[in-house]
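These notes are about the structure you will find just below.
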């Protein structure tokens, strides 16, 4: 009898776990959007870059000083009771927080160098990413590959308007020539 009870309880727990496993993904939050970019080439087709980006919406706590007016009271005792009167106002502040949503984008890819020999001026493959933020600020991310074959590249930014990439050839210190056109990686809709 005891064996049958254990079997029924174990079977019920297993059924609950299976049902929970089937239901759990439906209640999870929305998955991030994945998009692909490239392949883009340098002008001489000896450097190549391609990959994907992952767009995710997140929230974070932002702390700030909240200002508010506080009454100035003057109090006195009259016939055993405390009486108060507001005689003015003063500014005060307190440390508060609020939730702010932002968009995080992660760009991943592969930079391939098809010709790592020859002229030292053009021995490396370069990928320069131009990142334009929603506030108008522009920044750059640079990656190089001076070896034969592919090399993984990647970076993460937040609140981005557009990301463009330019593939070129160069040496160990920077891109020097055979610049490809600025090509789109991501554009906010």
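Residue numbers (the numbering used here): 32 to 220. All residues carry an ideal CB built from backbone N, CA and C; glycine is no exception. Please read these numbers as outputs of a predicted model, since none were measured by experiment.
Check, Outcome
"Extent of the continuous beta strand (DSSP E) run through residue 212", "Taken as a continuous stretch (DSSP letters only), residue 212 belongs to no beta strand (DSSP E), as it is neither H nor E."
"Contact set for residue 102: own chain, Cβ-Cβ below 7 angstroms, skip 5 residues either direction", "117 and 120"
"Residue 176 versus residue 66: straight-line alpha-carbon distance, rounded", "24 angstroms"
"Endpoints, beta strand (DSSP E) assigned at residue 142", "112-144"
"Distance, residue 200 Cα to residue 153 Cα", "5 angstroms"
"Check whether residue 136 and residue 217 have beta carbons under 8 angstroms apart", "yes"
"Nonlocal neighbours in the same chain, by C-beta distance under 6 angstroms from residue 85, ignoring five residues either side", "63, 65 and 137"
"Own chain, CB closer than 6 angstroms to residue 173, minus 5 neighbours either side, in chain order", "159"
"Cβ shell of residue 156 (< 6 angstroms), same chain only, five flanking positions each side left out", "78, 142, 144 and 176"
"Cβ-based neighbour list, residue 187, same chain, cut-off 8 angstroms, excluding 5 preceding and 5 following", "135, 136, 137 and 138"
"Separation of residue 95 from residue 80, as counted between CA atoms", "42 angstroms"
"Helix, strand or coil at residue 151 [DSSP, three-state]", "helix"
"Which listed residue (220, 113 and 89) has its alpha carbon closest to that of residue 131", "89"
"Straight-line Cα distance separating residue 206 from residue 76", "15 angstroms"
"Beta-carbon gap between residue 100 and residue 68 smaller than 8 angstroms", "no"
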